[in-house]
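Written below as structure tokens is the structure these notes are about.
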Amino acid sequence: MTDKKNFSDDLNDMANEAKSSASEFAQGAKETFGSQDNKKILAGVLGILLGGFGVHKFVLGYNKEGIILLIATIVTCGVASIIGFIEGIIYLTKSDAEFYNTYQVGKKPWF
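Our numbering numbers the first residue of the sequence shown as 535 and each following residue consecutively.
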């Protein structure tokens, strides 16, 4: 009986430690990518790496466009993922002010 209790206690301790680590990671990510300037870097890198899935669109708040890009990638067997790659490069080549005014304030969803 004590073996089961010790195992249960160990399992609870590991779960609590995992929650704590995840919470610390999430806080660090918010500090790093939470500002308006760093959204450009996050969206650009995600556009290059996961552009076909529309992840960069979801980060910028363009949910409808993200779903459209995801469906287009599935329908074209991945060919439409080039759109996300190109957008990622465009995001990273813009200045911080230009990116913020165009995609976050101006809400320009495509290119």
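The C-beta atom is built at its ideal place from N, Cα and C for all residues, glycine as well. Quick caveat, the model's predicted, so the values are computed rather than measured.
Run through DSSP, which three-state label would residue i get?
i, result
"Ser555", "helix"
"Thr636", "helix"
"Gly612", "coil"
"Lys598", "helix"
"Gly578", "helix"
"Lys641", "coil"
"Gly588", "coil"
"Lys573", "helix"
Residue i: buried (16+ other C-beta within 10 angstroms of its C-beta) or exposed?
i, result
"Ile617", "buried"
"Gly640", "exposed"
"Val609", "exposed"
"Thr607", "buried"
Is it true that the CB of residue j sits closer than 9 angstroms to the CB of residue i?
i, j, result
"Gly612", "Ile582", "no"
"Lys574", "Phe633", "yes"
"Leu604", "Phe587", "yes"
"Ser615", "Gly585", "yes"
Assuming residue i and residue j make a contact with CB atoms under 8 angstroms, what is their CB distance in whole Å?
i, j, result
"Tyr637", "Leu594", "6 angstroms"
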